[in-house]
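To keep things clear, I will list the structure first and then write my remarks on it.
Protein chains: 2
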Amino acid sequence: MSEYTARQNQIIQESIQLIAQKGIQGLTIKNISRAIGISEPAIYRHFENKNDIILGIISVLKDTTGENFQSGSADRNTIELLKTMIHRHTERFIANPSLTAIVFAEEIFTNDSLLREPIRNLMSMNQNKLIAVIERGQSAGDIRTDLTAKQLSLVVIGSFRFLVSKWHLMDYNFDLKTEVDALLASLEKLLVE
Amino acid sequence: MSEYTARQNQIIQESIQLIAQKGIQGLTIKNISRAIGISEPAIYRHFENKNDIILGIISVLKDTTGENFQSGSADRNTIELLKTMIHRHTERFIANPSLTAIVFAEEIFTNDSLLREPIRNLMSMNQNKLIAVIERGQSAGDIRTDLTAKQLSLVVIGSFRFLVSKWHLMDYNFDLKTEVDALLASLEKLLVE
DNA sequence: TATGGGTTAGTGAATACTAACAAACACTGA
DNA sequence: TCAGTGTTTGTTAGTATTCACTAACCCATA
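Okay, structure coming up:
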């Protein structure tokens, strides 16, 4: 878990919103300071440089997504477990739509080699967790076994990411919860033998 | 079809590569001119401003993806048709990996409201074409009908996009063709009743 | 009296873009 | 045949603006 002061968290949150609104090019020290209402140099009292702010963003993403994978009671039906996991993600996105611009657009950070590694880790970590869940579901007989868990995870993550990306691109102008529910119903039919 | 001079096409191609390598922040007039080997002001002999270059990139994307959707002989099995379409996409990505950084990362351009609209059009146009193909397949009995074509298109596009995005994030260090073939085999099992 | 968190004023570098000029070339009219 | 002319595509040298970041100072509070 990352430990940040209130001001640091505020800077990170505003940064996330800036990226969501204006893209990575909108993430400037001036924009951040203006959003918070302090001067530019004041930002440097809380972060050494801009790169550290981006690392802060990534670490928040890590915490955020990590929590939703605390797989909970593992004895429930796997499909229900998957639904709960994705629902938790969805709720978080609805509560903080700016997150969607970043969580599913890791490409934003890949220009800096310093940032490629943590992003790659985050991405494969999440997929591996999902693969583990699916594999357990296959053992338990909840999920079809004629496809590998890796392949199924690709389908689940991919379709969910695509839906959320569209939500962002469309300026959040459709009801994400409804669409996610529809997607989950579809995925259930696809995943259960 | 867009009509560009040789030099203009060269500028667009180098721009695509720059974005793939360094992200949107790496797309500067200086970088473009250096990549081509001419001076910065020479760029402005071929494009009025930077925005026009980005519009050029988008128009190339439109042509590129459009070609792969020329659905070909519509009388074949729909699954085979889908496979052909995705294969054509894949081949194009393998031939020009830089494209992947852009085609499936429309968020790159969304900072400028001028660019949001063409990107949105491109995206929904492609999905609508796929939906039409799937619907035809459902009528022909090639594809399961207990899920809507829209839902199935979400799964197909989403999983493919996710796979290609990972390929870019992983520095193209796995064999895309192999993975796409595996994905297509999986999708076939999922789509056929 | 030291520290944490703010300020104003400024740095050099990078940004998109412009002004003014020059060389290569095609096309004219005598 | 060939000077003259315009167009195309390049150049060098510059612009104003924005970028991340620093120096120096201030002031409330522990």
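Residue numbers (the working numbering), protein chains in the order written: chain A, 1 to 193; chain B, 1001 to 1193. Quick reminder that beta carbons are idealized off the backbone N, C-alpha and C, glycines included.
- Message: Is there a Cβ of chain B sitting closer than 9 angstroms to that of A101/A, yes or no?
- Response: yes
- Query: Since T110/A meets chain B, which of its residues come closer than 7 angstroms, beta carbon to beta carbon?
  - Reply: G1023 and L1169
- Using the Cα positions of Q1025/B and L1176/B, report the straight-line distance between them to the nearest angstrom. 27 angstroms
- Which bits of chain B does S39/A rub up against, with CB to CB less than 7 angstroms? By Cβ distance, chain B contributes nothing, its closest Cβ being about 24 angstroms from S39/A, past 7 angstroms.
- Return no unless some Cβ of chain B is closer than 9 angstroms to the Cβ of K83/A. no
- Query: Thinking just about the alpha-carbon of each residue, which of S39/A, L55/A and A20/A is nearest to the one in N9/A?
  - Reply: L55/A
- Terminal residues of the continuous alpha helix (DSSP H) containing A140/A? From DSSP, A140/A is part of no alpha helix (DSSP H); its letter is neither H nor E.
- Query: Would a C-beta distance cut-off of 9 angstroms place L1163/B and L154/A closer than the cut-off?
  - Reply: yes
- Cut-off 6 angstroms between Cβ atoms - residues of its own chain near I108/A, not counting five sequence neighbours on either side: I24
- Query: Is the beta carbon of K30/A within less than 8 angstroms of some heavy atom of the ligand COA?
  - Reply: Inclusion of the ligand COA in the displayed structure is not the case, the ligand content being empty and no account of it being possible.
- For the alpha helix (DSSP H) holding G23/A, just list the boundary residues, first then last. Note, G23/A: premise wrong, no alpha helix (DSSP H); not H, not E.
- Beta-carbon proximity list for E1188/B, same chain, < 7 angstroms, skipping 5 on both sides: I1079
- Item | Cβ pair count under 8 angstroms reaching 3, the region 8-22 of chain A against the region 1085-1099 of chain B | no
- According to a CB-to-CB cut-off of less than 7 angstroms, which residues of the region 144-155 of chain A neighbour chain B? D146, L147, Q151, L154 and V155
- Message: For a cutoff of 9 angstroms on Cβ pairs, would you count F1093/B as touching chain A?
- Response: no
- Residue environment, A101/A, which counts as buried when at least 16 other CB atoms sit within 10 Å: buried
- Below 6 angstroms CB to CB, which residues in the same chain sit around A35/A once its five sequence neighbours on both sides are set aside? E14
- Task: Measure the beta-carbon distance from S165/A to F104/A and round it to whole angstroms, keeping in mind my assumption that it falls under 8 angstroms.
- Result: 5 angstroms
- Reduced DSSP category for H1046/B - H, G, I as helix; E, B as strand; rest coil: coil
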